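Here is the structure we will look at.
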Amino acid sequence: MKSVFPISELPLIKVTGRDYSYQVRRIFCVGRNYVEHALELGNAVERKQPFYFTKSPFSLLDADKEFNYPPMTKDLHHEIELVVAIAKPLQKATREDIEGSIFGYACGLDMTRRDLQNVAKKQGKPWDVSKDFDGSAIIGEITEAKEVSNVKNSKLKLFLNDRLQQMGKISDMIHSVDEILLDLSRYTHLGPGDLIMTGTPAGVSAVKKGDILIAQIDGLTDLKVKISES
Ligand code: MN
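The C-terminal residue of the sequence shown carries number 229 in numbering that gives the first Met the number 0, and the numbering is unbroken.
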């Protein structure tokens, strides 16, 4: 049956050095996955279990586009994150299942309306409007897992106008990528097209119009984005 309002196709992310791309179905995000970041926002460190929120695939912004500063915030923060792209179905996954289940990795920015998030946290309300808005999931090219030697030992670096603003190590995650896949696949049937943003290290800060952000993770393609002047 024809749709009265046909929607554009699911968004695509470039795959570095390939002539195909990765189509995005869902975006899951892990909260408070680095000790120093949890502490800098005044949150308790919870080691027992990860927790999640989501972003719409239509909140994706390609790395080579400008990011429009969103309305309804005066405190928009960058959060550099390792993004994991899933390659095969995972449901109630075991350690054997997750072997070879990752298609690739990318640098991502979980853009956050921190002022709205702080209000939501205080009032025990959902985070959606602080996390899921137009362009809020900025994700660079995906590098295929087979091209990345040891992402677990990579460093993440976020430069704000050439100043090193965030730095961390993937190995400092409270919940590792494997643990996240094991846990999240108990709640939902993961599969190709699903991305997981795995949390941010310390150093988050506000951006303003005209700023340039560069996100780097060893072994992956850099992500550069400009906050639009207008
Ligand atoms: Mn985040």
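Just so it is clear, CB atoms sit at the ideal spot from N, CA and C, and this is done for glycine as well.
Predicted, not measured: the structure shown is a model, and the values here were computed from it.
If I measure Cβ to Cβ from residue i and keep anything under 6 Å in the same chain, skipping five residues before and after, which residues do I get?
| i | result |
| --- | --- |
| residue 48 | none |
| residue 132 | 69 |
| residue 187 | none |
| residue 30 | 50 |
| residue 171 | 33 |
| residue 254 | Examination of residue 254 is not possible in this model, given that the chain is present from 0 through 229 alone. |
| residue 209 | 228 |
Since residue i and residue j are thought to touch, with beta carbons under 8 Å apart, how far apart are those beta carbons, to the nearest angstrom?
| i | j | result |
| --- | --- | --- |
| residue 23 | residue 12 | 6 Å |
| residue 179 | residue 152 | Contact flag wrong, Cβ pair sits at about 17 Å. |
| residue 175 | residue 65 | At roughly 34 Å, the Cβ-Cβ gap does not stay under 8 Å, so residue 175 and residue 65 are not in contact. |
| residue 17 | residue 193 | About 19 Å; that fails the 8 Å criterion. |
| residue 72 | residue 114 | 6 Å |
| residue 15 | residue 141 | 7 Å |
| residue 91 | residue 184 | 6 Å |
| residue 195 | residue 83 | 5 Å |
| residue 33 | residue 200 | 5 Å |
| residue 143 | residue 103 | 4 Å |
| residue 112 | residue 75 | 6 Å |
| residue 62 | residue 223 | 6 Å |
| residue 225 | residue 211 | 5 Å |
Cβ-heavy atom distance between residue i and the ligand MN below 6 Å?
| i | result |
| --- | --- |
| residue 199 | yes |
| residue 109 | yes |
| residue 39 | no |
| residue 35 | no |
| residue 78 | yes |
Who are the Cβ neighbours of residue i in its own chain at under 7 Å, not counting the five residues just before and after it?
| i | result |
| --- | --- |
| residue 164 | 157, 158, 202 and 204 |
| residue 270 | Shown here, the chain extends from 0 to 229; a query on residue 270 therefore has no answer. |
| residue 181 | 92 and 97 |
| residue 161 | none |
Check for me: the beta strand (DSSP E) holding residue i runs from which residue to which?
| i | result |
| --- | --- |
| residue 13 | 11-13 |
| residue 119 | Counting along the chain, residue 119 falls outside any beta strand (DSSP E), though it belongs to the alpha helix (DSSP H) covering 113-122. |
| residue 168 | 162-168 |
| residue 251 | This structure leaves residue 251 out entirely; the chain is present only between 0 and 229. |
| residue 61 | 59-61 |
| residue 104 | 101-109 |
| residue 186 | Where residue 186 is concerned, there is no enclosing beta strand (DSSP E), although the alpha helix (DSSP H) it sits in stretches over 176-186. |
| residue 53 | 51-54 |
| residue 158 | 154-159 |
| residue 227 | That residue, residue 227, is in no beta strand (DSSP E); it is neither H nor E in DSSP. |
| residue 83 | 79-85 |
| residue 196 | 193-196 |
| residue 136 | 136-138 |
Starting from residue i, follow the alpha helix (DSSP H) in both directions and report where the run begins and ends.
| i | result |
| --- | --- |
| residue 95 | 94-97 |
| residue 127 | 127-130 |
| residue 35 | 34-39 |
Three or more C-beta pairs below 8 Å linking the region 103-110 and the region 72-85: Touching, per the Cβ criterion.
Closer than 8 Å is the cut-off here; do at least three beta carbon pairs connect the region 212-222 with the region 135-149? Under the 8 Å Cβ criterion, the region 212-222 counts as touching the region 135-149, having at least three qualifying pairs.
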